[in-house]
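Chains as they are written, first to last, in the numbering used here: chain A, -16 to 427; chain B, 651 to 1084.
We treat Cβ as the ideally placed atom computed from N, Cα and C, and that holds for glycine.
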Amino acid sequence: MAQGQMAPGIVAGRLSSDELTSNFTDLHPPLAPHEAAVAADRCYFCYDAPCVTACPTDIDIPLFIRQIQAGQPESAAKTIFDQNILGGMCARVCPTETLCEEACVRETAEGKPVEIGRLQRYATDTLMQAGVHPFTRAAPTGKTVAVIGAGPAGLACAHRLAMLGHDVVIFEAKPKPGGLNEYGIAAYKATNDFAQAEVDWLLKIGGITIRTGEALGRTVTLDSLRNDYDAVFLSIGLTGVNALRAQGEDLPGVRDAVDFIAEVRQADDLAQVPVGRNVVVIGGGMTAVDAAVKCKLLGAEKVTIAYRRGRAAMSASKYEQDLAASKGVCILCNVQPVAIHGNGAAAEIELEYTATVDGKLTGTGETIRLPADQVLKAIGQTLNGAPEGLALDGNKIAVDATGRTSVPGVWAGGDCAAGGEDLTVTAVAEGRDAAMDIHASLSA
Amino acid sequence: MADLKTNFLGIESPNPYWLASAPPTDKEYNVRRAFEAGWGGVVWKTLGSEGPPVVNVNGPRYGAIYGADRRLVGLNNIELITDRPLEVNLEEMARVKADYPDRALIASIMVPCEEEAWKAILPRVAETGADGIELNFGCPHGMSERGMGSAVGQVPDYIEMVTRWCKKYYDRPVIVKLTPNITDIRKPAAAARNGGADAVSLINTINSITSVNLDTFSPEPSIDGKGSHGGYCGPAVKPIALSMVSEIARAEATQGLPISGIGGVTTWRDAAEFMALGCGTVQVCTAAMTYGFKIIDELTAGLSQWMDEKGYSNVPEIVGRAVPNVTDWQYLNLNYVAKAKIDQDQCIKCGRCYAACEDTSHQAISMSPDRVFEVIDEECVACNLCVDVCPVEGCISMVPMAAGEVDPRTGKVVQPDYANWTTHPNNPMAKAAE
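Here it is, written out as structure tokens:
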């Protein structure tokens, strides 16, 4: 018997298994062939298309859509994978509404862009479900590259290097490869264990070994890797989290949103994942939205996103904000946490209203209290455990345009590296481009 | 409100829209539904001689060509004339005509090129009360292999001969339906007129294979792995039909001969265009086969509204209005100079105009880094390709230059007077200036 939304505290099984299954189905169900044909016909095959410019991996979007029109989704998939080997995941998780689809001329013309993301999924699903891996390796070069972190940047880098004839060893701290694709992406965006299936498919290129449970600084060091390998690519992500710096942050019931998201992703049975009755998520980005929506889908009665600035400043896209609202999440803007109150566990959160005065965010002194048996912190991740000796750019590893760090023979990409948005697609582009530069360097 | 009533060869119908002789008019059931829907007339599916009817293939009869979103733009068929007994068709025609005296009912006929065959069938058709007959000299598939259909329409002498027989044995209007599968449409039209035809109708369908199956290498539509050319119709053939209609409307030997226009009429606009080129009625088939009889509501309302907007009160006022403007290339005004103009407010920045012009035309459109597309007047020959490929109607237009302005491409002043190739200095055959 389900516990229901009203059960107090943080409890599992608020909803029935059927309700949970229904809640966690694909956010964007795949296009059926007829739907894909209709959607593809809308593409104008623009010259020097704005959608391509908007894509961090420069996928030739008009070409792949034309290939769908011409009845060959497999060729379309090859076009996508040529630029973005994780095109399957990106088709699911890219904020297309701020990338390719925002740039689509039909967005300009009609406010309805070509459904590029779903068409990309149609193409990539078709090829991947056929079990076809469309790339082969070049002749062996005898070189071996170490890649640290099996997230999107690391996988993209490894695949490109393997394709160019190099051998690759990926060191991954977590038990499973995939990085945020596996542990971070909202469950309703990557159903049916897609992240692992994608890694398995990607590895069909050959020449890539993944060693899980290997963490930089714990089981391997950068110095030893530099000695043992011809090049090193760092794609270690952002594993640190920012602190709230509010009284009561240590109370039970307060945790990092990324951990919560990972727990939901890794759960074999969603009915076993505990969630609060009144949840407050602190933050304004995609992580906040993902966590808040998940809480609602798990059966929390009231879920509030509390964000310190105005709605326009939220880094979650308008689409994501609307998604949250449509699931029943309340978005409360211009409030910042002051304290979390509770006797032995979180019970209430105290928020102070904010205002921007002379361009600076300040508290107004007026506060409100919301019931909160669960507080999720989604206020940003930070670089954690970067090796000594690497120059930093702000809080991230400094890199040049091709991913070279300040240390010779060491490249970096993905969220841990400076520059670009922290998106799967950006990570793929950086991994791929670093691989090309590593290749050039090793071939010199 | 404009009056759509039509009098064609003395045959009256409440509007100029007739259903062409084709599957939609093969039997009483369909024709009654068409009349109930509001169609002005029908040309009954072609009748053959008495005796065992023809047989059709038992596989696909149609093949199609699609535009975006699977919009049917071309249809091809290998269906023959009616495969029902003559007697059944005649009885049904008589019943329908009796019940719908205000609608046009025309009998399409295709029998061998023998006087006896026509002499035999014509009195029986007359008995039905049909308003007239249409001689099917057009179908390019199947029956043509037996010396009928387009096999007759391709030999002007035969057209004239058979038409003469029909005028001899039948006292109501005779319309000759022409095949487009011929080099010069004026010849068969003139032959029909010489034979005494009251009108011509065109075009019948065009020889066509819609596609080839790349698994079986059979043409489509495929019958057990083989295909045969069919007759092509639908929106894709409209330009061919309009041109042929216009040739008949303006040729000396055929001008004034009433025309029933056929070929891709899909909306009221298509109909108005056919009529402007001289057609007293239009015949519709593919549009009805694609969307059903209900399109007649748009066809009639649209034509009526346009006529009201333009101040035309009846059909004869629009018939032939465009004919004087159809001319030979050599008479086109070479002093007319236009330039493409892109409306930046309407531009959605797809760049198709740029790709078309840069790759395949005159490199007369520039593209800025922020995707502003502008016409380079120094290069623009006003070819219109950018207008044609632009997805936004009205975004790019062809703006004529005023006399006295200097064409930046040629450096020459635009002349106010008309001058054509016949007097152009580059023409070795040019007549000397008077």
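_I need the DSSP call for Ala156 of chain A, collapsed to helix, strand or coil._
Residue mapping note: residue 156 of chain A aligns to position 173 of the first sequence, counting from 1. Reduced to three states, the DSSP call for Ala156 of chain A is coil.
*Does the count of Cβ pairs from the stretch 735 to 753 of chain B and the stretch 902 to 909 of chain B closer than 8 Å reach three?*
no
_I need the boundaries of the beta strand (DSSP E) containing Cys929 of chain B, first residue and last residue._
As a first step, residue 929 of chain B is located in the second sequence; it is residue number 279 there, counting from the start. First-last of the beta strand (DSSP E) with Cys929 of chain B: 929 to 934.
*Return the residues of the stretch 1035 to 1058 of chain B that lie within a Cβ-Cβ distance of less than 9 Å from chain A, sorted by chain order.*
Pro1041, Val1042
*asked:* Quick check on DSSP: helix, strand or coil for Leu69 of chain A?
replied: For the purposes of this step, residue 69 of chain A is identified with residue 86 of the first sequence, where counting begins at 1. Three-state result, Leu69 of chain A: coil.
*Could you name the residues of the stretch 49 to 79 of chain A whose beta carbon sits closer than 7 Å to any beta carbon of chain B, in the order they occur along the chain?*
none
*If you drop the 5 nearest sequence neighbours on each side, which residues of the same chain put their C-beta closer than 8 Å to that of Ala113 of chain A?*
Within the first sequence, the letter at position 130 stands for residue 113 of chain A. Within the same chain, Ala113 of chain A has close Cβ partners Glu57.
*Under 7 Å Cβ-Cβ, which residues of chain B neighbour Gly24 of chain A?*
By one-based count along the first sequence, residue 24 of chain A stands at place 41. For clarity, residue 24 of chain A is Asp in the given sequence; the question names Gly instead. Per Cβ cutoff of 7 Å: Ala718, Asp719.
_8 Å Cβ cut-off: residues of chain B touching Ala92 of chain A_ = Along the first sequence, read from residue 1 onward, the residue named residue 92 of chain A stands at position 109. Residues of chain B passing the Cβ test: Ile998, Pro1041, Val1042.
*Counting Cβ pairs closer than 8 Å, one from the stretch 369 to 377 of chain A and one from the stretch 222 to 237 of chain A, do we hit at least three?*
no
_Residue-level contact to chain A via CB, Ala1005 of chain B, 7 Å cutoff_ = Stepping through the second sequence from its first residue, residue 1005 of chain B is reached at position 355. By this cut-off, Ala1005 of chain B is an interface position.
*Listing by chain order, which chain A residues have their CB less than 7 Å from the CB of Gly1001 of chain B?*
Here residue 1001 of chain B refers to the residue found at position 351 of the second sequence. Within 7 Å Cβ-Cβ: Cys29, Tyr30, Asp31.
*Can you tell which of B:Ile1046, B:Lys817, B:Gly952 has its C-alpha closest to the C-alpha of Ile992 of chain B?*
Translated into the one-based positions of the second sequence, residue 992 of chain B becomes position 342. Nearest of B:Ile1046, B:Lys817, B:Gly952 to Ile992 of chain B, Cα basis: B:Ile1046.
_Mapping the DSSP letters down to three states, classify Asp206 of chain A as helix, strand or coil._
As a first step, residue 206 of chain A must be located in the first sequence, where it is residue number 223. Three-state DSSP puts Asp206 of chain A in a helix.
*With DSSP as the reference, label Phe1023 of chain B as helix, strand or coil.*
Locating residue 1023 of chain B in the second sequence gives position 373, counting from the first residue. Strand at Phe1023 of chain B.
_For Thr829 of chain B and Ala1032 of chain B, what's the separation of their Cα atoms in angstroms?_
Indexing the second sequence from 1 puts residue 829 of chain B at position 179. Indexing the second sequence from 1 puts residue 1032 of chain B at position 382. Between Thr829 of chain B and Ala1032 of chain B, the C-alpha separation is close to 35 Å.
*Considering only C-alpha positions, which residue in the set A:Glu18, A:Pro135, A:Ala330 is nearest to Arg104 of chain A?*
Start at 1 with the first residue of the first sequence, and residue 104 of chain A comes out as number 121. Comparing Cα-Cα distances from Arg104 of chain A to each of A:Glu18, A:Pro135, A:Ala330, the minimum goes to A:Glu18.
*Report yes if the C-beta distance between Val263 of chain A and Ile332 of chain A is below 7 Å; otherwise report no.*
Against the first sequence, residue 263 of chain A aligns to sequence position 280. Against the first sequence, residue 332 of chain A aligns to sequence position 349. It is a contact, given that the beta carbons lie within the stated cut-off.
*Between which two residues does the beta strand (DSSP E) containing Gly189 of chain A stretch?*
Taking the first residue of the first sequence as 1, we reach residue 189 of chain A at position 206. Unbroken run through Gly189 of chain A: none, as it is neither H nor E.
*Report the option in B:Ala921, B:Met760, B:Cys929, B:Arg1059 whose CA atom is closest to the CA atom of Leu736 of chain B.*
For the purposes of this step, residue 736 of chain B is identified with residue 86 of the second sequence, where counting begins at 1. It is B:Met760 whose Cα lies nearest to the Cα of Leu736 of chain B.
_Checking 7 Å against the spacing of the C-beta atoms, do Ala156 of chain A and Ala198 of chain A come in under that value?_
The residue labelled residue 156 of chain A in the question sits at position 173 within the first sequence. The residue labelled residue 198 of chain A in the question sits at position 215 within the first sequence. Going by C-beta atoms, Ala156 of chain A is nearer than 7 Å to Ala198 of chain A.
*Cβ-Cβ separation, Val704 of chain B to Ile731 of chain B (assumed contact under 8 Å), whole Å*: Within the second sequence, residue 731 of chain B is the residue found at index 81, counting from 1. Within the second sequence, residue 704 of chain B is the residue found at index 54, counting from 1. Their Cβ separation, rounded to whole angstroms, is 6 Å, which keeps Ile731 of chain B and Val704 of chain B in contact under 8 Å.
*Measure from the alpha carbon of Leu46 of chain A to the alpha carbon of each residue in A:Thr62, A:Ala299, A:Thr409, then state which is nearest.*
For the purposes of this step, residue 46 of chain A is taken as the residue at position 63 of the first sequence. Of A:Thr62, A:Ala299, A:Thr409, the residue nearest in Cα terms is A:Thr62.
*For Glu232 of chain A, which three-state DSSP category applies?*
What you label residue 232 of chain A is simply residue 249 of the first sequence in a count that begins at 1. Glu232 of chain A falls in the coil class under three-state DSSP.
_Taking the beta carbon of Leu672 of chain B as the centre, do at least 16 other beta carbons fall within 10 Å, making it buried, or is it exposed?_
In the second sequence, residue 672 of chain B corresponds to position 22, counting from 1. Note that residue 672 of chain B is Ala in the sequence shown here, rather than Leu. By the neighbour-count rule (16 or more Cβ atoms within 10 Å), Ala672 of chain B is buried.
*Close Cβ partners of Ala988 of chain B (< 7 Å) along its chain, the five nearest in sequence each way excluded*: Against the second sequence, residue 988 of chain B aligns to sequence position 338. For Ala988 of chain B, where only same-chain residues beyond five positions count, the Cβ hits under 7 Å are Ala1032, Met1048, Val1049, Pro1050, Met1051.
*Endpoints, alpha helix (DSSP H) assigned at Val1037 of chain B*: Taking the second sequence and counting its residues from 1, the one referred to as residue 1037 of chain B is at position 387. Residues 1035 to 1039.
*For Thr4 of chain A, which residues from the same chain have a beta carbon less than 6 Å from its beta carbon, with the 5 sequence-adjacent residues on both sides left out?*
Residue numbering aside, residue 4 of chain A sits at position 21 when the first sequence is read from its first letter. Closer than 6 Å at Cβ, skipping near neighbours: no residue.
*Does Val35 of chain A come within less than 7 Å of chain B when only Cβ atoms are used?*
Position 52 of the first sequence, counting from 1, holds the residue named residue 35 of chain A. With 7 Å as the cut-off, Val35 of chain A does not count as an interface residue toward chain B.
_Helix, strand or coil at Arg164 of chain A [DSSP, three-state]_ = In the first sequence, residue 164 of chain A corresponds to position 181, counting from 1. Checking the sequence, you will find Asn at residue 164 of chain A rather than Arg. Helix at Asn164 of chain A.
*Taking all protein chains shown into account, do 16 or more other C-beta atoms lie within 10 angstroms of the C-beta of Asn983 of chain B, making it buried, or fewer, making it exposed?*
For the purposes of this step, residue 983 of chain B is taken as the residue at position 333 of the second sequence. When all chains shown are included, Asn983 of chain B counts as exposed.
*Thinking C-beta only, is Ser758 of chain B closer than 7 Å to Val693 of chain B?*
Residue 693 of chain B sits at position 43 when you count from the first residue of the second sequence. Residue 758 of chain B sits at position 108 when you count from the first residue of the second sequence. Cβ atoms of Val693 of chain B and Ser758 of chain B: closer than 7 Å.
*Could you say which of A:Ala133, A:Ile51, A:Asp43 lies nearest to Gly220 of chain A if we only look at CA atoms?*
Translated into the one-based positions of the first sequence, residue 220 of chain A becomes position 237. Here the closest residue by C-alpha is A:Ala133.
*Put Val1049 of chain B into one of helix, strand or coil per three-state DSSP.*
To locate residue 1049 of chain B, count along the second sequence from 1; it is residue 399. Strand at Val1049 of chain B.
*Which residues share a DSSP beta bridge with Trp668 of chain B?*
For this step, residue 668 of chain B is matched to residue 18 along the second sequence. For Trp668 of chain B, which the question treats as bridged, DSSP gives the partners B:Gly691, B:Gln933.
*Give a yes or no on contact between the stretch 383 to 398 of chain A and the stretch 204 to 219 of chain A, applying the rule of three or more CB pairs nearer than 8 Å.*
yes
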